[in-house]
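Residue numbers (our numbering): 1 to 454. The beta carbon of each residue, even a glycine, is placed where N, CA and C say it ideally should be.
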Ligand code: IFM
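Okay, here's the thing in structure tokens:
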């Protein structure tokens, strides 16, 4: 192991958040209702029964929060825009006050020398559009393009890094199939349609953003995992291929011009999941989805070990998870992020990659002195960053890293029980406290690297 790990000079160190998870201000200044407002106010949907009405109150504390980012030396900040703050009904009248908030945020970041990375869609769809069918409906993709146009016209002079969507797999399959996320639907056919319209809206928005934001870098963020077979049996190899197809290839293949993976279309169809045989894919859609991008954003937290549990007399597994999990129950397996990066580079050649999210949920809080010794998070970040660095040494064109998350925040269906922040948030007082991991991350940024064993 090298004594010190150094990153390239222009490597970008950032942190990420999303609108619904931190902003609060549910109805402030003309904001419309989102599917997460509706879902989180539906009894039984959120584990701790809470919602994002206040969250980190970032909408009202934005200047202090940017000052905190500056105190950490952050070079980039990835945040998302709340669509219903801009277009309360999803389309139609623009809410100027909503745009003004992000205008102020962007100016504050630039003044603090922090590069803004905007995510246009991080799951808070205007409820009005869900009422018309949501992502399974093609008209939502059309509405997204208008929304992208409005935002990029206003901010595109100063913002040069644009992410159309965050984790379309989650938006489609957790929102419309597992039903654990808004809008809470459990219908695979709807989820598949949603996945297509999310991708289509991305492809349609890319040229619009480019037009409004000269020299913009435009990409999408996918949640991807390295997938390993639990043994070398044919059954486990096949399970691996299926998991990989469902999570990774279903999105990567069409984005990189290879159409939807035929094996997955066949498999979904055999399971009776494609009643209309993907007739919703219209001529020109696949070309639109494959619009050239400037970078790929990857969110990664854990790896997947694929096991065919139905196979008769399957070989015993040769690969078992480590006995090391975060409080989300996600396995800590740093080599997964290295293998994932190598695989994506080898198979898709994205040209430029950012890790747009990586981090860990541990609930360590202040001790008697007010210090937060979140050593497990620090170890997680250090070991994952070391593997990321290995991938870069082998040739993966990684341009930056965004820790998830800047703050503890509303963790969707889990509510506030899960804490991913490098900054502690006391939800009673809204006090922010830098955890030890934040202090460590500040030193990583300052030194552009770290000592693997510290
Ligand atoms: O909090 C989420 C984020 O919104 C999307 N990626 C995963 C994170 C942790 O679950």
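If you draw a straight line from the Cα of residue 105 to the Cα of residue 212, it is about 19 Å long. In the DSSP secondary-structure assignment, residue 401 is bridged to 13 and 355.
Exposure of residue 232 is indicated by the presence of fewer than 16 other C-beta atoms within 10 angstroms of its C-beta. Shown here, residue 336 sits in a helix according to DSSP, grouped into three states. For residue 376, the CB contacts under 6 Å within the same chain, skipping 5 residues up- and downstream, are 362 in chain order.
Just so you know, the alpha carbons of residue 349 and residue 341 end up roughly 10 Å apart. In this structure, residue 178 has its beta carbon at no less than 7 Å from each heavy atom of the ligand IFM. A distance below 7 Å between beta-carbons, with the five flanking residues on each side excluded, links residue 198 to the following residues of its chain, in chain order: 135, 165, 168, 171 and 172. When DSSP states are grouped into helix, strand and coil, residue 367 belongs to the coil group. Residue burial annotation: residue 126 is buried, with at least 16 other C-beta atoms found within 10 angstroms of its C-beta. If you ignore the 5 residues before and after residue 413, its C-beta comes within less than 8 Å of the C-beta of 45, 46, 47, 180 and 181, all in its own chain and listed in chain order.
In the DSSP annotation of this structure, the continuous segment of the alpha helix (DSSP H) that includes residue 384 starts and ends at 375 to 394.
Annotated as proximal: residue 147 and residue 86, with beta-carbon spacing under 8 Å. Looking at the backbone, the Cα of residue 8 and that of residue 331 are separated by about 29 Å. Distance between residue 54 and residue 41, taken at the CA atoms: about 13 Å.
Distance check between residue 30 and each of 90, 143 and 72 places 90 closest, using alpha-carbon atoms only. Taking every protein chain shown into account, the CB of residue 129 has 16 or more other CB atoms within 10 angstroms, so this residue is buried.
Runs of the alpha helix (DSSP H) lying entirely within the stretch 180 to 248 and spanning at least 4 residues, in chain order: 188 to 212 and 234 to 244.
In this structure the stretch 258 to 275 does not touch the stretch 310 to 324; the number of beta carbon pairs closer than 8 Å is below three.
As summarised for the stretch 92 to 150, the continuous alpha helix (DSSP H) elements at least 4 residues long and confined to that stretch are 96 to 111 and 127 to 131, given in chain order.
With respect to the 8 Å criterion, residue 387 and residue 338 are classified as neighbours on the basis of their beta carbons. Residue 271 and residue 250 have their C-alpha atoms some 16 Å from each other.
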